[in-house]
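Following: one structure in C-alpha cells, then a few remarks.
Residue numbers (this note's numbering): 3 to 103.
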C-alpha cells in the first residue's frame, strides 16, 4: 500500500511519506515485530509500553536515533500519550510541508 501511495505522488521515497505507525497499547510480542518492519520501511513508529529492548543501550540508540540515517525510520517510545500524539502529528505535518502538499 505504501508503494502505491509513493508512486501516486510521483515516486516519493517511502520514508518521506506523511505516515506513521503506532501501537499505543500493544499487548503481544507481534506488535514489536510489526514495529521493526515499520522501521525497516523507514516509518516514524510509536510503541507503548517501552519494548523489552530497553535493556540493550546500543539497540535503543540504533532504533531511536541511528536508524534514521539507515532506513529513515525512527522509534518513539514516549510514555506521555499527549506528547506521543504530538510527535506523530509533528512528523506527519513536517512530511506534508516537505512534499508541498
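Note that beta-carbon positions come from the ideal geometry of N, C-alpha and C, so glycine has one too.
Just verifying my parser: in three-state terms, what is the DSSP assignment at residue i?
| i | result |
| --- | --- |
| residue 86 | helix |
| residue 28 | coil |
| residue 103 | coil |
| residue 62 | helix |
| residue 17 | helix |
Using only the alpha-carbon positions, how far apart do residue i and residue j sit?
| i | j | result |
| --- | --- | --- |
| residue 61 | residue 72 | 14 Å |
| residue 53 | residue 33 | 9 Å |
| residue 83 | residue 63 | 22 Å |
| residue 39 | residue 94 | 19 Å |
| residue 12 | residue 99 | 16 Å |
| residue 47 | residue 96 | 15 Å |
If contacts are defined as beta-carbon pairs under 8 Å, then residue i and residue j qualify, I think. What distance do you get, rounded to the angstrom?
| i | j | result |
| --- | --- | --- |
| residue 17 | residue 74 | 3 Å |
| residue 37 | residue 25 | 6 Å |
Mind checking who residue i pairs with in its DSSP beta bridge?
| i | result |
| --- | --- |
| residue 34 | The partner list for residue 34 (beta bridge, DSSP) is empty, contrary to what the question assumes. |
| residue 8 | DSSP, once it has assigned bridges, lists no residue as partnering residue 8. |
| residue 47 | 23, 77 |
Find out if the Cβ-Cβ distance for the pair residue i, residue j is shorter than 8 Å.
| i | j | result |
| --- | --- | --- |
| residue 41 | residue 69 | yes |
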